[in-house]
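Below you'll find the structure, written out as structure tokens, and then a few comments.
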Ligand SMILES: *Cc1c(COP(=O)(O)O)cnc(C)c1O
């Protein structure tokens, strides 16, 4: 059955973007692609396999469940489960050989006792909260070092933190976080602990060349999918300018019709045609992830030309202006994200029009939107 709305994911682009990141950070830094949230909707299994085949040595996900899916698909390289685990997920975490991120010294103690009971060491990465104010241990550096040393069965493999404002070059927060991290790392080293992996940087800190944050590992997500968010203030040049979006999103026209001047369009009559118009009814709405906030302000690409969204985006349908693309018929495909003819819309542009962020646009593409993989 032909799809009403679908995404096309280029695995070649994913591989190229990964190679771009690797070339920028160099051989001494391990690139751990972040494929949480189903690889930002690109499909974690296919993306994970592609990256492993490209030589990725690590993958990062959020949850135990996400890691388990990758293991079930036969992906055997180390996987870091970044966003904590619930007590009920602990057995699965260990059975699947996922590497946990530990976020408090209390949890570290519990992991150590568990490893002692099992009679086998458990490796972990420790996340410290250097100012993000979310997950992560906030204790003083000396206390952290003492707890890491005291754990005899849980083995620290990585020390990490996460930046809150990496793209904001008008704020000092990232430098402050880096400073706090360096203090903790120095205390660990003074205690004789050398974490094999030291990591802080996601896409933004890689792209704008914040080298001191690269440590021995980086965690790019967005860049793997072809995006680097714009910075605020005076940022250095984007080192990842070569990455390209890997995802194209399309939907079919269900109907095409001509309406006279003065016709209200859609819920609330939010739009009223100022002149006789040709309109198209698209088989995609907010249930497919097209942001409702694009009502009366977003655009799609129809027949290679930008076509405004008319009136409210509804659950399953969206009406567009086909005045410039009068040749289109029901069944023809329209591009929501991607390029066609001379026109292009990426997730960043869609997000700006919708008052959201590109991450949310990508992750928000609905479950019923079919996904196909291309080599192109
Ligand atoms: C999602 C995430 C990343 C990746 O961030 P991008 O901006 O997509 O590169 C890195 N680190 C952590 C802890 C994350 O949660």
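Numbering (this note's numbering), first residue to last: 32 to 407.
Cβ atoms here follow ideal geometry from the backbone N, Cα and C, with glycine treated the same way.
Problem - Beta bridge counterpart(s) of residue 366 as assigned by DSSP - result: The sequence position of residue 366 within the chain shown is 335, counting from 1. Bridge partners of residue 366: 281, 332.
Practice task
Verify the CB distance criterion: does residue 55 have a CB-CB separation below 8 Å to chain C?
Solution key: This model lacks chain C altogether; it includes just one protein chain.
Practice task
State the DSSP-derived secondary structure class of residue 244, mapped to helix, strand or coil.
Solution key: Locating residue 244 in the chain shown gives position 213, where the first residue counts as 1. In this structure, residue 244 counts as helix in the three-state DSSP scheme.
Handout entry: Local Cβ density within 10 Å of residue 113, reported as buried at 16 or more and exposed below that
Key = As a working mapping, residue 113 is identified with position 82 in the chain shown. Buried: at least 16 other Cβ atoms inside 10 Å.
Exercise for the section: Name the residue from 252, 253, 230 whose alpha carbon lies nearest to the alpha carbon of residue 242. Expected result: By one-based count along the chain shown, residue 242 stands at place 211. The residue with the shortest Cα to Cα distance from residue 242 is 230.
Exercise for the section: Identify the continuous beta strand (DSSP E) that holds residue 349 and give its terminal residues. Expected result: Taking the first residue of the chain shown as position 1, residue 349 is located at position 318. Residues 349 to 352.
Practice task
Starting from the Cα of residue 49, find the closest Cα among 330, 289, 277 and give me that residue.
Solution key: Position 18 of the chain shown, counting from 1, holds the residue named residue 49. Comparing Cα positions, the closest option is 277.
Handout entry: Segment contact, 8 Å Cβ cut-off, at least three pairs: the stretch 223 to 237 with the stretch 358 to 368
Key = no
Exercise for the section: Using the DSSP secondary-structure output, state which residues sit across from residue 302 in a beta bridge. Expected result: Residue numbering aside, residue 302 sits at position 271 when the chain shown is read from its first letter. Per DSSP, 296.
Problem - Coarse secondary structure for residue 391, derived from DSSP in three states - result: Here residue 391 refers to the residue found at position 360 when the chain shown is read from its first residue. Residue 391: helix per DSSP, three-state reduction.
Exercise for the section: Measuring alpha carbon to alpha carbon, tell me which of 227, 194, 204 ends up nearest residue 186. Expected result: Counting from one through the chain shown, the residue named residue 186 turns up at place 155. Residue 186 has its Cα closest to that of 227, out of 227, 194, 204.
Practice task
Classify residue 309 as helix, strand or coil using the three-state DSSP reduction.
Solution key: In the chain shown, residue 309 corresponds to position 278, counting from 1. Correct three-state label for residue 309: strand.
Exercise for the section: Would you check whether ligand 1 has a heavy atom nearer than 7 Å to the C-beta of residue 161? Expected result: Counted from its first residue, the chain shown places residue 161 at position 130. Checking the Cβ of residue 161 against ligand 1 gives no.
Problem - Ordered list of beta strand (DSSP E) runs contained in the stretch 108 to 144, each at least 3 residues - result: 110 to 112, 130 to 133
Handout entry: residue 21 Cβ short of 7 Å to ligand 1 heavy atom set
Key = For residue 21 there is no data in the structure shown, the boundaries of the chain being 32 and 407.
Practice task
Pull up the distance between the alpha-carbon of residue 252 and that of residue 261, whole angstroms please.
Solution key: In the chain shown, residue 252 corresponds to position 221, counting from 1. In the chain shown, residue 261 corresponds to position 230, counting from 1. Looking at the two C-alpha atoms, the distance is approximately 15 Å.
Exercise for the section: Just tell me which of 108, 208, 300 has its CA closest to the CA of residue 193. Expected result: The residue labelled residue 193 in the question sits at position 162 within the chain shown. Among 108, 208, 300, the Cα nearest to that of residue 193 is on 208.
Handout entry: Through-space distance from residue 320 to residue 248, alpha-carbon basis
Key = Looking up residue 248 in the chain shown gives position 217. Looking up residue 320 in the chain shown gives position 289. Cα-Cα distance, rounded: 33 Å.
Problem - Simplified DSSP assignment, three categories, for residue 225 - result: Position 194 of the chain shown holds residue 225. Coil, per DSSP.
Problem - Through-space distance from residue 308 to residue 204, alpha-carbon basis - result: In the chain shown, counting from the first residue as 1, residue 204 sits at position 173. In the chain shown, counting from the first residue as 1, residue 308 sits at position 277. Spanning the two alpha carbons is a distance of roughly 51 Å.
Problem - residue 63 classed as buried or exposed, judged by whether at least 16 other C-beta atoms fall within 10 angstroms - result: Locating residue 63 in the chain shown gives position 32, counting from the first residue. Answer is buried; the Cβ neighbour count reaches 16.
Exercise for the section: Give a yes or no on whether the C-beta atoms belonging to residue 279 and residue 397 are separated by under 8 Å. Expected result: Along the chain shown, read from residue 1 onward, the residue named residue 279 stands at position 248. Along the chain shown, read from residue 1 onward, the residue named residue 397 stands at position 366. Cβ atoms of residue 279 and residue 397: not closer than 8 Å.
Practice task
Could you tell me if residue 81 is buried or exposed, where buried requires 16 or more neighbouring beta carbons within 10 angstroms of its beta carbon?
Solution key: For the purposes of this step, residue 81 is identified with residue 50 of the chain shown, where counting begins at 1. Buried is the call here.
Handout entry: residue 149 burial status per 10 Å Cβ neighbour count (16 or more: buried)
Key = Counted from its first residue, the chain shown places residue 149 at position 118. Flag for residue 149 reads exposed.
Exercise for the section: State yes or no: is the C-beta of residue 40 within less than 8 Å of the C-beta of residue 66? Expected result: Counting from one through the chain shown, the residue named residue 40 turns up at place 9. Counting from one through the chain shown, the residue named residue 66 turns up at place 35. Result no, Cβ atoms of residue 40 and residue 66 do not sit closer than 8 Å.
Practice task
Measure the beta-carbon distance from residue 200 to residue 266 and round it to whole angstroms, keeping in mind my assumption that it falls under 8 Å.
Solution key: Taking the chain shown and counting its residues from 1, the one referred to as residue 200 is at position 169. Taking the chain shown and counting its residues from 1, the one referred to as residue 266 is at position 235. With a Cβ gap of about 5 Å, residue 200 and residue 266 count as contacting.
Exercise for the section: Counting only runs of 3+ residues fully inside the stretch 172 to 217, write out the beta strand (DSSP E) ranges in chain order. Expected result: 185 to 191
Exercise for the section: Please find out if some non-hydrogen atom of ligand 1 comes closer than 7 Å to the beta-carbon of residue 250. Expected result: Against the chain shown, residue 250 aligns to sequence position 219. Flag set: Cβ of residue 250 near ligand 1.
Practice task
Report yes if the C-beta distance between residue 415 and residue 75 is below 8 Å; otherwise report no.
Solution key: Shown here, the chain extends from 32 to 407; a query on residue 415 therefore has no answer.
Problem - Spatial distance of residue 325 from residue 294 (CA atoms) - result: Taking the chain shown and counting its residues from 1, one reaches residue 325 at position 294. Taking the chain shown and counting its residues from 1, one reaches residue 294 at position 263. One C-alpha to the other measures close to 20 Å.
Exercise for the section: Spatial neighbours of residue 347 within its chain, please: CB distance less than 8 Å, with the 5 preceding and 5 following residues excluded, ordered by chain position. Expected result: Against the chain shown, residue 347 aligns to sequence position 316. Only 314, 315, 316, 318, 319 meet the Cβ criterion.
Exercise for the section: Please report the Cβ distance between residue 184 and residue 153, rounded to the nearest whole angstrom; I am assuming they are in contact, meaning their Cβ atoms lie under 8 Å. Expected result: Numbered from its first residue, the chain shown carries residue 184 at position 153. Numbered from its first residue, the chain shown carries residue 153 at position 122. With a Cβ gap of about 7 Å, residue 184 and residue 153 count as contacting.
Practice task
Report all residues from its chain with a CB closer than 6 Å to the CB of residue 312; omit the five preceding and five following residues, and keep chain order.
Solution key: Start at 1 with the first residue of the chain shown, and residue 312 comes out as number 281. Same-chain partners within the cutoff: 285, 286, 348, 350.
Practice task
Can you give me the start and stop residues for the alpha helix (DSSP H) that residue 78 sits inside?
Solution key: Against the chain shown, residue 78 aligns to sequence position 47. Per DSSP, residue 78 belongs to the alpha helix (DSSP H) from 75 to 84.
Exercise for the section: Would you kindly work out how many angstroms separate the C-alpha atoms of residue 363 and residue 95, rounded to a whole number? Expected result: The residue labelled residue 363 in the question sits at position 332 within the chain shown. The residue labelled residue 95 in the question sits at position 64 within the chain shown. Cα-Cα distance, rounded: 41 Å.
Problem - CB-CB length for residue 374 against residue 341, believed under 8 Å - result: Mapped onto the chain shown, residue 374 falls at position 343. Mapped onto the chain shown, residue 341 falls at position 310. Contact flag wrong, Cβ pair sits at about 18 Å.
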